[in-house]
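Residue numbers (numbering that gives the first Met the number 0): 0 to 51. Cβ atoms here follow ideal geometry from the backbone N, Cα and C, with glycine treated the same way. Structure record follows, encoded as structure tokens.
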Amino acid sequence: MKELEVVEWSNKGASLNCLGRHEEAIRCLDKALQLDPNFTFAWINKGASLGS
């Protein structure tokens with residue numbers, strides 16, 4: 000269950016980043032990383048959001 004929630008938060012963050020809503024994206028990605036600090040894709044997506 001937790002793993003699915005992490006993926007959902009990460010995907011939401013990635014989607015928001017694509018929409019140009021970077022601050023919201025970072026909040027979602029932070030939530031994913033709070034649940035699982037080792038989730039690589041959340042870190043990658045957060046880096047993309049911070050770089051935008």
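ask   = Under 8 Å between the Cβ atoms of residue 9 and residue 38?
value = If you number the sequence shown from 1, residue 9 lands on position 10. If you number the sequence shown from 1, residue 38 lands on position 39. Taking 8 Å as the Cβ cut-off, residue 9 and residue 38 qualify as a contacting pair.
message = Quick check on residue 27: buried or exposed, where buried means 16 or more other Cβ atoms within 10 Å of its Cβ?
response = For the purposes of this step, residue 27 is taken as residue 28 along the sequence shown, with counting starting at 1. Label assigned to residue 27: buried.
key: Coarse secondary structure for residue 37, derived from DSSP in three states   = Here residue 37 is taken as the residue at index 38 of the sequence shown, counted from 1. Coil.
inquiry  = Any beta carbon of chain B sitting closer than 8 Å to that of residue 25?
reply    = Structure shown: chain B not included; a single protein chain is present.
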